[in-house]
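*Asks:*
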Amino acid sequence: MQSLCHQLLSLLFVFSSLQIYQLTEACSCALSHPQDAYCNSDIVIRAKVVGKKLLKDGPFGTMRYTVKQMKMYKGFNKMQHVQHIYTDASESLCGVKFDINKYQYLITGRVFDGKVYTGLCNFNQPWERLSLAQKKGINHRYQLGCNCRVSGNNCALRENMDEVAPGENMDKMDMYKEAKATQQQQSQDGGVGAKKRGRGRQNTLLTAKHTILL
């Protein structure tokens, strides 16, 4: 009888361990350039997070953050003003944790049923930690270059820095600095902005004469 109990307990322990492992390893995101994150998002705003509330929907719930929108860079066709941001309450399901009343954040996300959703696979960073090139891109350049994704083969290479293809619309050296700064931010920051992104992945960036792997 004792042997049977030990076997059952062992099986229960193994099953629980597998469940915990699956939850902690569930979120995995490929490293992306901020321009791609901008172009793939429905909404891009700068906002301060002023409150949060856990909504009991689903097994882990959804966290609803209340934000004070400072500026909208993209998404006017979806909504004029963002008041709430929704994300999974669990980081293992790619939920984002924002600090309350601490930073102004750049927040990107998608719109579903009139609500803005974001996660670890979106680009979310404190505004003050963005590089000057990133801020310029968000304010103007990224929207002009959405036909040219920073992935390696979609943009024409040029022999001279002055020869920029119409779809590129960004100085390539700025793009290099941007991606490098983003990589450093994500390795330093941990939580917000995807601390679990890009394990074993490489981000490709075009320069004047060749492709650089970051």
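What the sequence shown shows, in mature numbering (1 follows the signal peptide of the UniProt record, and there is no 0), is residues -26 to -1, 1 to 188, in sequence order.
Just so it is clear, CB atoms sit at the ideal spot from N, CA and C, and this is done for glycine as well.
All figures in this text were calculated on a predicted structure; none of them were measured in a lab.
(1) Out of 55, 97, 25, point me to the one whose CA is closest to residue 4's CA.
(2) Provide the residue(s) that pair with residue 25 in DSSP beta bridges, ordered along the chain.
(3) Spell out a yes or no on whether the segment 101 to 108 and the segment 83 to 90 are touching, meaning 3 or more CB-CB pairs, one atom from each, closer than 8 angstroms.
(4) Is residue 114 buried or exposed, if buried means 16 or more other CB atoms sit within 10 Å of its CB?
(5) Check each candidate in -1, 1, 8 and name the one with the smallest Cα separation from residue 122.
(6) State buried or exposed for residue 99, treating a residue as buried only when at least 16 other CB atoms are found within 10 Å of its CB.
(7) Pick out whichever of 93, 80, 102, 53 has its Cα sitting closest to the Cα of residue -1.
(8) Would a C-beta distance cut-off of 7 angstroms place residue 40 and residue 24 closer than the cut-off?
(9) Excluding five sequence neighbours on each side, which residues of the same chain lie with their C-beta closer than 6 angstroms to the C-beta of residue 38?
(10) Grouping DSSP H, G and I as helix and E and B as strand, with all else coil, what is residue 62?
(11) Are the CB atoms of residue 80 and residue 101 within a distance shorter than 7 angstroms?
(12) I need the DSSP call for residue 117, collapsed to helix, strand or coil.
(13) Keeping to the same chain, check which residues put their C-beta closer than 6 angstroms to that of residue 116; ignore five residues upstream and five downstream.
(14) Quick one: what does DSSP say residue 78 is sitting in, helix, strand or coil?
(15) Need the endpoints of the beta strand (DSSP E) that residue 89 sits in, please.
(16) Where does residue 69 land, buried or exposed, given buried means 16+ other C-beta within 10 angstroms?
(17) Go to residue 10, then tell me how far its alpha helix (DSSP H) extends in each direction, as first and last residue.
(18) Quick check: the Cα distance between residue 82 and residue 65, rounded to an integer number of angstroms?
(19) Would you call the CB atoms of residue 21 and residue 44 closer than 7 angstroms?
*Replies:* Looking at the coordinates:
(1) Indexing the sequence shown from 1 puts residue 4 at position 30. Of the listed residues, the one whose Cα sits closest to residue 4 is 97.
(2) The sequence position of residue 25 within the sequence shown is 51, counting from 1. Beta-bridge pairing links residue 25 to 40.
(3) no
(4) Locating residue 114 in the sequence shown gives position 140, counting from the first residue. That one is exposed.
(5) Translated into the one-based positions of the sequence shown, residue 122 becomes position 148. Considering only alpha carbons, the answer is 8.
(6) In the sequence shown, counting from the first residue as 1, residue 99 sits at position 125. Its Cβ being crowded by 16 or more others within 10 Å, residue 99 is buried.
(7) Counting from one through the sequence shown, the residue named residue -1 turns up at place 26. Checked all of 93, 80, 102, 53; the closest Cα to residue -1 is 93.
(8) In the sequence shown, residue 40 corresponds to position 66, counting from 1. In the sequence shown, residue 24 corresponds to position 50, counting from 1. Yes; because the gap between Cβ atoms is below 7 angstroms, this pair is in contact.
(9) Here the question's residue 38 lines up with position 64 in the sequence shown. Once the five neighbours on either side are set aside, the close Cβ partners of residue 38 are 27, 29, 58, 60.
(10) By 1-based counting over the sequence shown, the position of residue 62 is 88. In the structure shown, residue 62 sits in a strand (DSSP, three-state: E or B).
(11) As a first step, residue 101 is located in the sequence shown; it is residue number 127 there, counting from the start. As a first step, residue 80 is located in the sequence shown; it is residue number 106 there, counting from the start. Yes, these two residues count as a Cβ contact at 7 angstroms.
(12) By one-based count along the sequence shown, residue 117 stands at place 143. Note: residue 117 maps to helix in three-state DSSP.
(13) In the sequence shown, the residue the question calls residue 116 occupies position 142. The residues are 9, 12.
(14) By 1-based counting over the sequence shown, the position of residue 78 is 104. Note: residue 78 maps to strand in three-state DSSP.
(15) The residue labelled residue 89 in the question sits at position 115 within the sequence shown. Its beta strand (DSSP E) spans residues 89 to 91.
(16) On the sequence shown, position 95 is the one that residue 69 refers to. By the 10 Å Cβ count, residue 69 comes out buried.
(17) The sequence position of residue 10 within the sequence shown is 36, counting from 1. Segment 8 to 13, the alpha helix (DSSP H) holding residue 10.
(18) Locating residue 82 in the sequence shown gives position 108, where the first residue counts as 1. Locating residue 65 in the sequence shown gives position 91, where the first residue counts as 1. Going from the Cα of residue 82 to the Cα of residue 65 covers about 17 angstroms.
(19) In the sequence shown, counting from the first residue as 1, residue 21 sits at position 47. In the sequence shown, counting from the first residue as 1, residue 44 sits at position 70. The answer is yes: Cβ separation under 7 angstroms.
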